[in-house]
Amino acid sequence: MNQIPQTVNPLDSRQLNAFINIARTGSFAETAKRLCLTQSAISHSMHALESEIGCRLLARMGKTITLTEAGEALLHHAQVGFQELAAAREKIEKLKSWGSRRLRVGASPLVNRRILPGVLMKLRCQHPRLIVTVKTVHPLSQTDQLQNDELDFVFSEDQPPHAEVEFTSLFESPLEVVVPPAHRWLRQNQIPRGELFSEPCVLPERYSPTRKLIDAYFSREKKSFNSVMEVENLETIREMVKAGIGISILPAWVFQDDQRLGTLHAFALGRRKLSLAWGLHRSRNKPADLIQSDFRILC
Numbered sequence: 316m317n318q319i320p321q322t323v324n325p326l327d328s329r330q331l332n333a334f335i336n337i338a339r340t341g342s343f344a345e346t347a348k349r350l351c352l353t354q355s356a357i358s359h360s361m362h363a364l365e366s367e368i369g370c371r372l373l374a375r376m377g378k379t380i381t382l383t384e385a386g387e388a389l390l391h392h393a394q395v396g397f398q399e400l401a402a403a404r405e406k407i408e409k410l411k412s413w414g415s416r417r418l419r420v421g422a423s424p425l426v427n428r429r430i431l432p433g434v435l436m437k438l439r440c441q442h443p444r445l446i447v448t449v450k451t452v453h454p455l456s457q458t459d460q461l462q463n464d465e466l467d468f469v470f471s472e473d474q475p476p477h478a479e480v481e482f483t484s485l486f487e488s489p490l491e492v493v494v495p496p497a498h499r500w501l502r503q504n505q506i507p508r509g510e511l512f513s514e515p516c517v518l519p520e521r522y523s524p525t526r527k528l529i530d531a532y533f534s535r536e537k538k539s540f541n542s543v544m545e546v547e548n549l550e551t552i553r554e555m556v557k558a559g560i561g562i563s564i565l566p567a568w569v570f571q572d573d574q575r576l577g578t579l580h581a582f583a584l585g586r587r588k589l590s591l592a593w594g595l596h597r598s599r600n601k602p603a604d605l606i607q608s609d610f611r612i613l614c
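To convert a position in the sequence shown, counted from 1, into my numbering, add 315.
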């Protein structure tokens, strides 16, 4: 094994601590009192430090101890080093008191309400001292928040591929036409030809992955929806359809409870199926730790 050169060996922290105190007090006796040591021990420690450095660090001016030029240079770096160690200790103490690890998750309000509570409850059982932060994220900002290390995961619809963000698909949900329970199409049990585009419609906003998928699907029709409203939140769209404001096209998992209760009804889009994947986005530049791996498994 190659030996580490003597010149790069770390200096003794106790000797450096005594040296910093001598610089502050200008006295071996006062330093010994502060550190609960004998004056002889302080003197021996300084001789050892000077021997290790290879030059004089201290000079006597009468009864006062002053620093040489080399001592002043060492003092600056020693103080910076101790400040860094103090900051590290403080950070570790906070981790010990707040929790052993943290997890920062971004998601849509829908995911926050329906999926994350059960997942995070199980994760907390596995890691009782875990601190979790959950944020509602906007589709246009989620990639930046992952890349800037503001979030560990974003649970949302599949996004266009990005070189620095990986996507783990957890489930797919078909998109269907959703109507309120008293809608006339239910009596015919079908959507009359041509009426889909003339019916008042509440759609997701144009930048959203759901809306982009809808627009791409119907692009060959060369027709426009009679959009009376564009809404960011899929749950809000669902409630507007229930209120009779218009029909919509939504992922089936968004309204499955209402469909079971009969407060909403759905029609298939047609012969061509349309599905949207939902899952976890995370930065490729940051390796996953145990907490993140467990969270992904639970999801």
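We put the beta carbon where it would ideally sit given N, CA and C, even for glycine.
In chain order, what residues of the same chain lie with their CB nearer than 7 Å to the CB of residue i, ignoring the 5 residues before and after it?
i, result
"Ile-552", "Val-517, Pro-519, Val-546, Ser-563 and Leu-565"
"Arg-416", "His-442, Leu-445 and Ile-606"
"Leu-485", "Trp-593, Gly-594, Leu-595 and Cys-614"
"Ile-272", "What is shown of the chain runs 316 to 614, which leaves residue 272 out entirely."
"Arg-375", "none"
Assuming residue i is part of the beta strand (DSSP E), what are its boundary residues?
i, result
"Arg-439", "Unbroken run through Arg-439 is the alpha helix (DSSP H), 431-441; no beta strand (DSSP E)."
Cutting at 6 Å between CB atoms, please list the residues of its own chain near residue i, excluding the five before and the five after it.
i, result
"Asp-327", "none"
"Gly-559", "Pro-495"
"Met-555", "Val-517"
"Tyr-532", "Leu-589"
"Ser-542", "Cys-516 and Leu-518"
"Val-434", "Leu-613 and Cys-614"
"Phe-570", "Val-493, Arg-553 and Leu-579"
"Val-426", "Phe-470"
Which residues does DSSP list as the beta-bridge partners of residue i?
i, result
"Trp-593", "Glu-472 and Phe-486"
"Cys-615", "Because the chain spans 316 through 614 in this model, residue 615 falls outside it and cannot be assessed."
"His-477", "Val-480"
"Leu-382", "Leu-373"
"Thr-451", "Ala-422"
"Ile-446", "Arg-417"
"Glu-491", "Leu-565"
Using DSSP with H/G/I as helix, E/B as strand and the rest coil, what is residue i?
i, result
"Gly-421", "strand"
"Ser-456", "coil"
"Ser-598", "strand"
"Glu-465", "coil"
"Glu-510", "coil"
"Met-316", "Since pLDDT at Met-316 reaches only 39, below the 50 mark, its modelled position is unreliable, and the value read off the structure follows with that caveat. Met-316: coil per DSSP, three-state reduction."
"Glu-550", "helix"
"Ala-497", "coil"
"Asn-427", "helix"
"Gly-396", "helix"
"Lys-588", "coil"
Can you name the start and end residues of the alpha helix (DSSP H) that residue i belongs to?
i, result
"Arg-521", "Taken as a continuous stretch (DSSP letters only), Arg-521 belongs to no alpha helix (DSSP H), as it is neither H nor E."
"Phe-582", "No alpha helix (DSSP H) holds Phe-582; the beta strand (DSSP E) holding it covers 580-582."
"Asp-609", "605-613"
"Leu-364", "354-368"
"Phe-343", "343-350"
"Gln-571", "567-576"
"Leu-261", "As shown, the chain starts at 316 and ends at 614. That puts residue 261 outside it, with no answer to give."
"Gln-505", "First-last for Gln-505: undefined, no H or E at that position."
Give every residue of the same chain whose Cβ lies closer than 8 Å to the Cβ of residue i, excluding the five residues on either side of it in the sequence, and list them in chain order.
i, result
"Leu-390", "Phe-334, Ile-335, Ala-338 and Leu-382"
"Ala-356", "Ala-347"
"Glu-384", "none"
"Glu-550", "Pro-424, Leu-425, Arg-428 and Val-569"
"Val-452", "Gly-421, Ala-422, Ser-423, Gln-460, Leu-466, Val-469 and Ser-471"
* Between the segment 579-593 and the segment 469-476, are three or more C-beta pairs nearer than 8 Å? -> A contact exists between the segment 579-593 and the segment 469-476.
* Contact between the segment 328-346 and the segment 392-400 (3+ Cβ pairs under 8 Å) -> yes
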